[in-house]
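Inspection log for the structure reproduced underneath, given as structure tokens.
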Amino acid sequence: MIGIVEGNLLEATEQVIVQQVNCQGVMGSGLAKQIRAKHPEVYRMYQAQCHGKRPQDLLGSIHAVYLRDENSKPEDKYEYVVNIFGQLNYGRENVLYTNYEALRKGLAVLRDDASALGISIAIPYNLGCGLANGDWDNVVYPMIQDIFKDYGVTIYKYEG
Numbered sequence: 001m002i003g004i005v006e007g008n009l010l011e012a013t014e015q016v017i018v019q020q021v022n023c024q025g026v027m028g029s030g031l032a033k034q035i036r037a038k039h040p041e042v043y044r045m046y047q048a049q050c051h052g053k054r055p056q057d058l059l060g061s062i063h064a065v066y067l068r069d070e071n072s073k074p075e076d077k078y079e080y081v082v083n084i085f086g087q088l089n090y091g092r093e094n095v096l097y098t099n100y101e102a103l104r105k106g107l108a109v110l111r112d113d114a115s116a117l118g119i120s121i122a123i124p125y126n127l128g129c130g131l132a133n134g135d136w137d138n139v140v141y142p143m144i145q146d147i148f149k150d151y152g153v154t155i156y157k158y159e160g
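First residue of the sequence shown? That's 1 in the UniProt record's numbering, and the numbers climb one at a time after it.
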């Protein structure tokens with residue numbers, strides 16, 4: 001089952017929050033920039049994941065960063081940030097940056113891993129559809145519905 005709630009993904013109560021990332025090691029805008037500001041270790045580990053790899057080899061993979069350590073705050077509910085490498089490049093042009101096949105592959109891997117571990121997932125509304133110009137209504141949301149038809153996720157819709 002998929003639930004849609006009003007709220008900030010960065011205040012999610014699920015164990016995992018998800019974002020789509022590019023394969024260039026850049027988190028300079030949108031949700032990625034907010035996650036980078038709140039969790040600098042996510043950015044450092046993401047850059048390390050990108051370093052020395054061919055960007056096209058990252059497409060469709062996921063990268064989970066565990067956040068629990070001595071600096072964790074009690075108000076931090078989620079334990080992991082999962083980066084889905086769903087776009088090769090980034091930019092401000094009016095072109096499609098989201099690679100739907102890569103996003104689908106990453107979401108399916110996430111579902112399988114989360115199901116095996118029994119952990120809850122929070123996904124941002126418009127995943128891959130803001131700056132990456134994906135089509136939420138006709139492609140990405142139906143994709144999420146298909147992939148997660150047998151595993152519950154919460155979609156966070158933030159009006160901020």
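All C-beta atoms, glycine included, are put in the ideal place defined by N, C-alpha and C.
Can you check DSSP and say which residues form a bridge with residue i?
{"i": "Ala37", "result": "Looking at the DSSP assignment, Ala37 forms no beta bridge with any residue, so it has no partner."}
{"i": "Val81", "result": "Ile17 and Val65"}
{"i": "Ile121", "result": "Val16"}
{"i": "Gly3", "result": "Thr154"}
{"i": "Gln47", "result": "Answer is none; Gln47 lacks a bridge partner."}
{"i": "Gln145", "result": "DSSP, once it has assigned bridges, lists no residue as partnering Gln145."}
Does residue i pass the burial test, meaning 16 or more other C-beta atoms within 10 Å, or should it be called exposed?
{"i": "Ile62", "result": "buried"}
{"i": "Met143", "result": "buried"}
{"i": "Lys149", "result": "exposed"}
{"i": "Ala114", "result": "buried"}
{"i": "Ile4", "result": "exposed"}
{"i": "Lys38", "result": "exposed"}
{"i": "Gln145", "result": "exposed"}
{"i": "Arg104", "result": "buried"}
{"i": "Pro124", "result": "buried"}
Verify whether the separation of the beta carbon atoms of residue i and residue j is less than 8 Å.
{"i": "Val16", "j": "Ile119", "result": "yes"}
{"i": "Gly86", "j": "Asn94", "result": "no"}
{"i": "Leu59", "j": "Ala116", "result": "no"}
{"i": "Tyr66", "j": "Tyr80", "result": "yes"}
{"i": "Leu88", "j": "Gln20", "result": "no"}
{"i": "Tyr158", "j": "Ala122", "result": "no"}
{"i": "Val140", "j": "Ile2", "result": "no"}
{"i": "Tyr78", "j": "Asn22", "result": "no"}
Quick check on residue i - is its C-beta less than 8 Å from some C-beta in chain B?
{"i": "Ile155", "result": "In summary, chain B is missing from the structure at hand, where a single protein chain is found."}
Which residue wins for smallest C-alpha separation from residue i, given the options the options?
{"i": "Tyr46", "options": "Ser29, Gln34, Gln24 and Leu31", "result": "Gln24"}
{"i": "Lys33", "options": "Leu131, Asp137, Arg104 and Tyr151", "result": "Leu131"}
{"i": "Tyr151", "options": "Val82, Tyr90, Leu110 and Arg36", "result": "Leu110"}
{"i": "Ile84", "options": "Asp57, Arg92 and Arg68", "result": "Asp57"}
{"i": "Arg92", "options": "Cys129, Ala108 and Arg44", "result": "Cys129"}
{"i": "Asn133", "options": "Gly30, Gly7 and Ala108", "result": "Gly30"}
Checklist line | At least 3 beta-carbon pairs within less than 8 Å: the segment 50-58 vs the segment 1-15 | finding: Because the criterion of three Cβ pairs below 8 Å is not met, the segment 50-58 and the segment 1-15 do not touch.
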